[in-house]
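Sequence lines, in order, name chains A and B.
Each residue of the first sequence is one higher than the one before, counting from 127 in the working numbering.
Each residue of the second sequence is one higher than the one before, counting from 3 in the working numbering.
The beta carbon of each residue, even a glycine, is placed where N, CA and C say it ideally should be.
Here's the structure we're looking at; comments come further down.
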Amino acid sequence: QKEVEQNSGPLSVPEGAIASLNCTYSDRVSQSFFWYRQYSGKSPELIMSIYSNGDKEDGRFTAQLNKASQYVSLLIRDSQPSDSATYLCAVNLYNQGGKLIFGQGTELSVKP
Amino acid sequence: NAGVTQTPKFQVLKTGQSMTLQCAQDMNHNSMYWYRQDPGMGLRLIYYSASEGTTDKGEVPNGYNVSRLNKREFSLRLESAAPSQTSVYFCASSEGGLALEQYFGPGTRLTVT
């Protein structure tokens with residue numbers, strides 16, 4: 127099992143729909159969870175961080191964390207073509223000395 | 003406020019050549035990181051510096067050295083480049099510690115022939 131796992135996609139949604147991106151991780155003791163957006167040829171851009179169970183909302187983005195299930199997700203409401211990018215999940219893994227481990231990313235395509 | 007800056011943006015090296023990638027941040031962050039990103043492999047940590055004066059190995063340190071020159075600057079050196087080091091290199095910084103949000107520079111695209 128990979129330490130941080132994401133579906134590679136591509137995930138295709140129509141404009142205005144909700145995009146749901148999922149991430150599972152291997153270490154139950156992990157404390158910090160991040161979502162980055164990366165446009166093609168650009169660097170990762172931090173869009174959400176979440177540290178405790180439940181939902182955290184920021185504009186059209188909602189991060190959801192369930193530590194018991196070792197699962198973190200990102201919902202994008204009212205998806206726009208400009209949201210088309212690769213979304214990287216990153217987890218601060220306790221069993222890796224606290225290092226930030228990235229998933230391989232999910233490619234999202236929002237169709238007009 | 004430029005955030006994290008990296009130079010150069012692009013570089014082509016021949017096998018065996020050496021070079022240093024430069025990174026600087028103006029956010030007064032304590033911790034700095036070097037990652038490489040390869041297709042199908044994701045982002046992997048090469049080295050990091052939790053604070054000025056300290057450096058530690060990450061997941062893929064072989065073939066690289068680092069220097070934390072001061073609080074602002076963290077350089078990555080390839081002593082004898084190999085084709086396997088062809089990659090995109092990103093520098094990142096965080097306020098303090100691995101558990102906090104990391105902010106990335108624009109990257110250096112390196113090709114070793």
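- Query: Does the beta-carbon distance from Glu54/B to Asn72/B come in below 8 Å?
  - Reply: Counted from its first residue, the second sequence places residue 54/B at position 52. Counted from its first residue, the second sequence places residue 72/B at position 70. Closer than 8 Å, so yes.
- Can you have a look at Lys225/A and say buried or exposed, based on whether 16 or more other CB atoms are within 10 angstroms of its CB? The residue labelled residue 225/A in the question sits at position 99 within the first sequence. Lys225/A is buried by the Cβ-count criterion.
- Query: Within the chosen definition, does the region 79–89 of chain B reach the region 3–20 of chain B through at least 3 CB pairs nearer than 8 Å?
  - Reply: With the cut-off at 8 Å, the region 79–89 of chain B and the region 3–20 of chain B touch.
- So the beta strand (DSSP E) Met34/B belongs to, where does it begin and stop? Working through the second sequence from its first residue, we reach residue 34/B at position 32. Going by DSSP, Met34/B is part of the beta strand (DSSP E) stretching over Ser33 to Asp40.
- Under the three-state DSSP convention, the category Asp209/A falls into: Taking the first residue of the first sequence as position 1, residue 209/A is located at position 83. DSSP places Asp209/A in helix when its eight states are reduced to three.
- Message: For Gln39/B, which residues in the same chain have their Cβ closer than 6 Å to its Cβ, ignoring the five residues on either side in sequence?
- Response: The residue labelled residue 39/B in the question sits at position 37 within the second sequence. Excluding residues within five positions, the ones whose Cβ falls inside 6 Å are Leu45 and Val90.
- Task: Please classify Ser134/A: is it buried, with 16 or more other beta-carbons within 10 angstroms of its beta-carbon, or exposed?
- Result: For the purposes of this step, residue 134/A is identified with residue 8 of the first sequence, where counting begins at 1. Exposed is the call here.
- Do Tyr35/B and Gln87/B have their C-beta atoms closer together than 8 Å? Residue mapping note: residue 35/B aligns to position 33 of the second sequence, counting from 1. Residue mapping note: residue 87/B aligns to position 85 of the second sequence, counting from 1. Cβ atoms of Tyr35/B and Gln87/B: not closer than 8 Å.
- Under a CB-based cut-off of 8 Å, is Gln157/A close to chain B? One-based indexing of the first sequence puts residue 157/A at position 31. Chain B, which has a Cβ nearer than 8 Å to the Cβ of Gln157/A, makes this yes.
- Query: Short check: CB of Ser199/A to CB of Ser152/A, under 8 Å?
  - Reply: To locate residue 199/A, count along the first sequence from 1; it is residue 73. To locate residue 152/A, count along the first sequence from 1; it is residue 26. No, these two residues do not count as a Cβ contact at 8 Å.
- Message: Let me see if you follow: with CB-CB separation under 8 Å, is Phe12/B close to chain A or not?
- Response: Taking the first residue of the second sequence as position 1, residue 12/B is located at position 10. Not an interface residue.
- Item | First and last residue of the uninterrupted beta strand (DSSP E) at Glu131/A | Here residue 131/A corresponds to residue number 5 of the first sequence, with the count starting at 1. Its beta strand (DSSP E) spans residues Val130 to Gln132.
- Query: Does Tyr66/B come within less than 8 Å of chain A when only Cβ atoms are used?
  - Reply: Translated into the one-based positions of the second sequence, residue 66/B becomes position 64. It does not; no Cβ of chain A falls within 8 Å.
- Message: In this structure, how does DSSP classify Asn230/A when only helix, strand and coil are distinguished?
- Response: By one-based count along the first sequence, residue 230/A stands at place 104. The sequence shown places Gln at residue 230/A, not Asn. Coil at Gln230/A, not helix or strand.
- Message: Can you tell me whether Leu226/A sits near the ligand FAD, meaning its C-beta is under 7 Å from at least one heavy atom of the ligand?
- Response: With respect to small molecules bound, the structure shown includes none, and the ligand FAD cannot be examined in it.
- Query: Is the beta carbon of Ala101/B sitting closer than 8 Å to the one on Gln157/A?
  - Reply: What you label residue 101/B is simply residue 99 of the second sequence in a count that begins at 1. What you label residue 157/A is simply residue 31 of the first sequence in a count that begins at 1. Taking 8 Å as the cut-off, the beta carbon of Ala101/B is found closer than this to the beta carbon of Gln157/A.
- Query: Out of curiosity, what's the CA-to-CA distance linking Ser195/A and Asn179/A?
  - Reply: Translated into the one-based positions of the first sequence, residue 195/A becomes position 69. Translated into the one-based positions of the first sequence, residue 179/A becomes position 53. Going by the C-alpha atoms only, they are around 11 Å apart.
- chain B contact residues for Phe160/A, given Cβ-Cβ distances below 7 Å: As a working mapping, residue 160/A is identified with position 34 in the first sequence. Result: Glu103.
- Item | Distance between beta carbons of Thr113/B and Val14/B, contact taken as under 8 Å | Taking the first residue of the second sequence as 1, we reach residue 14/B at position 12. Taking the first residue of the second sequence as 1, we reach residue 113/B at position 111. Correct: roughly 5 Å between the Cβ atoms.
- Task: Compute the Euclidean distance between the alpha carbons of Tyr213/A and Thr115/B, then round it to the nearest angstrom.
- Result: Numbered from its first residue, the first sequence carries residue 213/A at position 87. Numbered from its first residue, the second sequence carries residue 115/B at position 113. Their backbone Cα atoms lie some 31 Å apart in a straight line.
- Message: Looking only at its chain, what residues have a beta carbon closer than 7 Å to the beta carbon of Ala211/A, apart from the 5 residues adjacent to it on each side?
- Response: Within the first sequence, numbered from 1, the residue matching residue 211/A stands at position 85. Excluding positions up to five away in sequence, the list reads Arg163, Gln164, Tyr165 and Leu234.
- Query: Lys11/B to Glu183/A, Cα distance in whole Å?
  - Reply: For this step, residue 11/B is matched to residue 9 along the second sequence. For this step, residue 183/A is matched to residue 57 along the first sequence. Approximately 35 Å between the Cα atoms of the pair.
- Item | Among Pro136/A, Ile144/A and Thr150/A, nearest to Val130/A - alpha-carbon criterion | Counting from 1 along the first sequence, the entry for residue 130/A is found at position 4. The candidate whose alpha carbon is nearest that of Val130/A is Thr150/A.
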